[in-house]
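Report on the following structure.
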Amino acid sequence: MTSAHRRFAIHYAPQVKIQLRPIERKFYSLIRRTIEEQLPFEPDVETTNRKPLTLPVEFGATWELRFGGQNQFRVFYEIDPEYWRVEILAIGVKHGNRLVIGTEEVEL
Numbered sequence: 317m318t319s320a321h322r323r324f325a326i327h328y329a330p331q332v333k334i335q336l337r338p339i340e341r342k343f344y345s346l347i348r349r350t351i352e353e354q355l356p357f358e359p360d361v362e363t364t365n366r367k368p369l370t371l372p373v374e375f376g377a378t379w380e381l382r383f384g385g386q387n388q389f390r391v392f393y394e395i396d397p398e399y400w401r402v403e404i405l406a407i408g409v410k411h412g413n414r415l416v417i418g419t420e421e422v423e424l
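Each residue of the sequence shown is one higher than the one before, counting from 317 in the numbering used here.
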């Protein structure tokens, strides 16, 4: 567990910009605001909406953040505690049992 007083830098993988394109623009500020509020401090502490992934995923994330109406949005990230950095690896939308990242349906 990391210190609650030190701020983690948020970095976005290059593919995240492409993954956002299919998401309606009206949700961009919600996505950005939620990431900025939830992940700079204690990104490795499990909460109601923030959970460690138990199974490996294809893009290498170890944590998932859920938010939005019916928890439809998913942010997948990994933490580099040595450099105090959170790397956002994927952003997607979940509808029922379907998770879509960019234009691809992904299995978790």
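Every residue gets a Cβ at the ideal spot worked out from N, C-alpha and C, and that includes glycine.
**Message:** Going by DSSP in three states, Y328 sits in which element: helix, strand or coil?
**Reply:** Looking at Y328 - three-state DSSP - the assignment turns out to be strand.
**Request:** Entirely within the region 327–390 and at least 3 residues each: give me those beta strand (DSSP E) ranges in chain order.
**Result:** Complete beta strand (DSSP E) runs here, min 3: 366–368 and 379–383.
**Request:** Decide if A325 is buried, meaning its Cβ has at least 16 other Cβ atoms within 10 Å, or exposed.
**Result:** A325 is exposed by the Cβ-count criterion.
**Item:** Distance between E398 and E423 (C-alpha atoms, nearest Å)
**Value:** Per the coordinates, the alpha-carbon of E423 lies some 30 Å from the alpha-carbon of E398.
**Item:** Beta-carbon proximity check, T363 vs L369, cutoff 8 Å
**Value:** For T363 and L369, no; Cβs fall outside 8 Å.
**Option nearest G385 by Cα separation, candidates Q331, H327, A329 and T350** = Among Q331, H327, A329 and T350, the Cα nearest to that of G385 belongs to T350.
**Message:** Applying the 10 Å Cβ sphere with the 16-neighbour rule, what's the burial state of E421?
**Reply:** Its Cβ having fewer than 16 others within 10 Å, E421 is exposed.
**Prompt:** So, are the CB atoms of H327 and R401 less than 8 Å apart?
**Reply:** Closer than 8 Å, so yes.
**Asked** Whose C-beta lies closer than 8 Å to the C-beta of N365 among residues of the same chain, with five residues either side of it excluded?
**Response** Cβ neighbours of N365 beyond the five flanking positions: Q354, L381, R382, F383 and N387.
**Prompt:** Hey, how far is the Cα of P359 from the Cα of R348?
**Reply:** About 15 Å.
**Message:** Taking the alpha-carbon of R337 as reference, which of H411, G412, A406 and N413 has the nearest alpha-carbon?
**Reply:** The candidate whose alpha carbon is nearest that of R337 is A406.
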